[in-house]
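Protein chains in written order, with our numbering: chain A, -6 to 211; chain B, 2 to 218; chain C, 28 to 606. Just so it is clear, CB atoms sit at the ideal spot from N, CA and C, and this is done for glycine as well. All remarks here apply to the structure that follows.
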Ligand code: SF4
Ligand code: SF4
Ligand code: SF4
């Protein structure tokens, strides 16, 4: 089965060699091997993490996809499953973990909370979606996504990886810096990329602020 | 360390038993254990033994009728093939929704400007929705129900995960297919109500006839 | 038990007569308990503890009666059983200072820190009054009624913008920063220096004793991203070699503002949110919350609903204890085999939940005055089959797999000891308390719902170590199976709801505290109603959070590797710790 997957279409293999050799492209074999050994980071945030553990356990068993090697260290992980509510207090650590992962790295936002804030979106300590800070490849809605929904998301992730090309892979280029500035805990969460905006807003004269609130109300 | 190691051996015996069971049960139950409906069900009963895994995506665990994921809106197919949306835009679901992820715009009649009993837009942000099912529970018109479709992961949140009216609408036949018992119950209730109404009407008519007869005499 | 004793346990002394000069009866309508002046508080606490047997301070929280005053509310119990003694201290909103009770009841430590963090009540003489759920430097005390979050829309749900002219506007668009933040005026991010963890580390006791050998003490942090902390929990430990000299739990990494959101929600809307507290046992969270609101409303569910509730709550306990046991073994290094066996049983229980409520984990199954829907056809037979055939066998198997295992024994026996006195003083509850030899189980001590109809024993063990906590859980699974067996035999057909479930209703003003024996311990919901459709105050007494108070006591003198197992034996769920 695996042979069929990686064999390059259009090249015929003589019958006596079928099943023994495979002719493929570099891209194909590269992606095939990567997508079938996605090592997730052992990293759980909230309720969704329980469903992630269940997906690793016997009933759904994602080792069938070569994903059972949960790595507690970001250095050895390929994919970060952001499984749960991202809080402001936690987000600096998450960004740091993401920065420590080596390329090629993927992020999967599992559940409503990680994707868009979820039911706790309005909370004062909740980041409305991890994509505010790190780039997300796949979003899985659901609260929590059932193990099968997570598996479906992981399969989509595999498909996405299979479509990538070595030639334009970001991570082999020089001078591409994907380091994300780590947010800071201030009177509220501070995103270092937004210094200018914050300063502009907080230093507005009082009457202007009032005006804007009124405009917003309309 | 204390003890003779007997406890460890006993434990290992249990794991060994589990290990062997995965083979013996497979042999005993034969080929039908996998990739068939009875096979999947047999691995979910309280006396299941051996391999427990659901081989998703080739096999899918059966969903109980009550299963809920994201809500959808039910429409009936009218006689002329039109979609007849059940939702009357009453707003109860938007009010009851705990994270307030439903937005409804009520349609107004283009000519008279009067509000109509129909939504012109219906949005659910599925990345806020907590799948609680309260909207479906309290909708008085059986118009919003919880879907069984969980395979909706996607690559773009803004494009794919804010469901609008088009994306939410599904035919009543689909609703019946995923929740037969509930539909049956609702229809029975409706029939009962109708019958009651009918009876009341008949009684009223009879009373009226009687009265008329009395007046006439 | 002699008759006279029983009376004395269930009666609350008339403190307003005993201390007529200081103590007043709380005579607001719908309220109970006593009002104590702040100066008299410590003295009062000492008296109830030593003279009247109220040795267990269960819950400490505060209510913001905006704009009049702040009120700190205490719930104390006798560890022999009986109802709660409620007492309150009222202070002004501007200068909210209350003496700390940590010296009398050490179990108040984390709860007082929480009240400081979220409500801005300063507890005088508290040994370590720092923020606990938010971080140092955060602006404001968010649970105060005049504090508004960045995505603030309206005081109460439902928000009027949703219908009839609802336009899907994302909260991000309304916020000037495009995300969930707000800053005080004239704030300059470039000059801001974030608060380091200095104050945390300074709080760790420096080790003075000199045993002749000069060793350097080091501080290590476990977590918040650590495979052994069961989520995003952090421990800062001071080590001498490998021995723990001092340890502090650091939490808040999953603080999801449950209570603030809960006070904007209607009563019904909170039900699905309670699922996400202790997300492994949502049914029993539903139970506690439903009881509290039913107390306020003065209603009771029909009998069949009561039976269904008990069956579900006990199944939850089994699932949760199975999981805890499995993961405790994970923490001990037996990677995944016991956990896999445990999760397999849990899956079968979750199938029952899914069939009944529609969701595996977030059941949202209880309604005020009943349950969401009756059990579907055939489910009762499945439960019966589980309770009579499968689960008893599996718990015996688990027992045989682990209990006599020499490695488990040598790593668990005598480690992480908490004595009975310490457990009571530190307000521990659930298996932690019972593992220390205190036979306190709310199902027996202060029965709720229909637990008085069932024949079961309270599981107790007496050494207070990891192993005994494990044994208590195994025994509790057996007792829960017993309860389910009785319940499925006794349950009769009937309605599961009187009348029709309402989505919005007014609740008579007053306060209520509903508590259940959850899998983790005493789960309490404290509600204050002002007669509206939304609770004025909604507080959760989270057992895993309060059980953490005793983590330090259990870990002192142990090795680093054992702390992981100690934590596993307390059985915390971060959704409940941080809320
Ligand atoms: S999406 Fe739902 S289940 Fe997942 S972390 Fe958020 S609240 Fe919990
Ligand atoms: S409650 Fe039902 S009818 Fe009313 S607006 Fe919602 S979907 Fe439409
Ligand atoms: S399922 Fe719950 S959260 Fe989702 S739209 Fe319905 S009421 Fe709102």
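- Among the residues of chain A, those whose CB is under 8 Å from the CB of residue 281 of chain C are 38, 39, 77, 78, 80, 83, following chain order.
- Residue 190 of chain C sits buried, since 16 or more C-beta atoms from the chains shown fall within 10 Å of its C-beta.
- In this structure the stretch 118 to 135 of chain A does not lie against the stretch 96 to 106 of chain B, because fewer than three pairs of beta carbons, one per stretch, are closer than 8 Å.
- Within the same chain, Cβ atoms closer than 6 Å to the Cβ of residue 69 of chain C are found at 126, the five residues on either side in sequence being excluded.
- Contact note: residue 55 of chain B reaches chain A through 52, 53, 54, 140, 141, using a C-beta cutoff of 9 Å and chain order.
- The three-state secondary structure of residue 160 of chain C, taken from DSSP, is coil.
- Look at residue 162 of chain B: its C-beta is under 8 Å from a C-beta on chain A.
- Residue range 42 to 45 is occupied by the alpha helix (DSSP H) that includes residue 43 of chain C.
- Only those residues of the stretch 10 to 22 of chain B whose C-beta falls short of 7 Å from the nearest C-beta of chain C are listed: 11, 12, 15, 16.
- Here residue 424 of chain C has 368 as same chain residues with Cβ atoms under 8 Å from its own Cβ, once five neighbours each way along the sequence are excluded.
- When DSSP states are grouped into helix, strand and coil, residue 400 of chain C belongs to the coil group.
- When secondary structure is reduced to three states using DSSP, residue 563 of chain C falls in the coil class, being assigned neither helix nor strand.
- Taking a cut-off of 8 Å on C-beta distances, the stretch 205 to 216 of chain B does not touch the stretch 486 to 501 of chain C, as fewer than three cross pairs fall below it.
- When distances are taken from the beta-carbon of residue 364 of chain C to the heavy atoms of ligand 2, even the shortest one reaches 7 Å or more.
- Close to residue 71 of chain B, with beta-carbon spacing below 9 Å, are these residues of chain A in chain order: 134, 135.
- The closest heavy atom of ligand 3 lies less than 7 Å from the beta carbon of residue 97 of chain B.
- About 25 Å separates the beta carbons of residue 304 of chain C and residue 263 of chain C, which is beyond the 8 Å limit, so they are not a contact pair.
- Residue pairing by DSSP puts residue 261 of chain C in a beta bridge opposite C/277.
- Taking every protein chain shown into account, the CB of residue 203 of chain C has 16 or more other CB atoms within 10 angstroms, so this residue is buried.
- When DSSP reads this structure, residue 248 of chain C sits in a beta bridge with C/263.
- Nearest C-alpha to residue 147 of chain B among B/9, B/167, B/179, B/159: B/179.
- Around the Cβ of residue 217 of chain B, a 10 Å sphere holds fewer than 16 other Cβ atoms; the residue is exposed.
- Relative to ligand 3, residue 231 of chain C has its C-beta separated by 7 Å or more from all heavy atoms.
- With 16 or more other Cβ atoms inside 10 Å of its own Cβ, residue 589 of chain C counts as buried.
- Under the DSSP assignment, residue 192 of chain B falls outside any beta strand (DSSP E), being part of the alpha helix (DSSP H) whose first and last residues are 181 to 217.
- Annotation: the continuous alpha helix (DSSP H) that includes residue 294 of chain C extends over 294 to 302.
- Not a single CB atom of chain B sits nearer than 8 Å to the CB of residue 163 of chain A.
- Per DSSP, reduced to three states, the secondary structure at residue 347 of chain C is helical.
- If you measure from each CB to the nearest heavy atom of ligand 2, the residues under 6 Å come out as B/88, B/89, B/90, B/91, B/92, B/93, B/94, B/105, B/140, B/142, B/144, B/145.
- For residue 106 of chain B, there is no enclosing alpha helix (DSSP H); the residue is part of the beta strand (DSSP E) that begins and ends at 103 to 109.
- In this model, residue 280 of chain C and residue 509 of chain C are separated by some 38 Å (Cα to Cα).
- Counting only runs of at least 4 residues, the stretch 11 to 60 of chain B fully encloses the following alpha helix (DSSP H) elements, listed from N- to C-terminal order: 38 to 43.
- Residue 341 of chain C sits buried, since 16 or more C-beta atoms from the chains shown fall within 10 Å of its C-beta.
- Going by beta carbons, residue 547 of chain C and residue 598 of chain C fall inside the 8 Å limit.
- Looking at B/186, B/129, B/120, B/17, the one whose alpha-carbon comes closest to that of residue 76 of chain B is B/120.
- Counting only runs that start and end inside the stretch 184 to 209 of chain C, there is no beta strand (DSSP E) element of at least 3 residues.
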